[in-house]
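Numbering (the numbering used here), first residue to last: 1 to 77.
Every residue, glycine too, gets a C-beta built ideally from N, C-alpha and C.
I have placed the structure first, in the form of structure tokens, so that the comments after it can refer back to it.
Shown next, in the form of structure tokens:
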């Protein structure tokens, strides 16, 4: 995933303290946002992938039904 620039406002003294402590505002912000989002299980991710790719999966199944599996005619077993 790519990154985008985001302009936020933060208390100047707080930012100075964070920098002095060696904290990364970007890392802290990303972690906080991830913590607020609902947890995604592997099953959720797989389902989302299948939904996003349903058209390609259907087209591939139709191609296999019509033409067979690539190299199937070359199998010797």
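| Asked | Found |
| --- | --- |
| Assumed close pair residue 8, residue 18 - CB separation to whole angstroms, cut-off 8 Å | Not confirmed; about 13 Å, so no contact. |
| Secondary structure of residue 19, DSSP reduced to three states | helix |
| Spatial distance of residue 59 from residue 72 (CA atoms) | 19 Å |
| Residue range of the unbroken alpha helix (DSSP H) whose run includes residue 30 | 25 to 36 |
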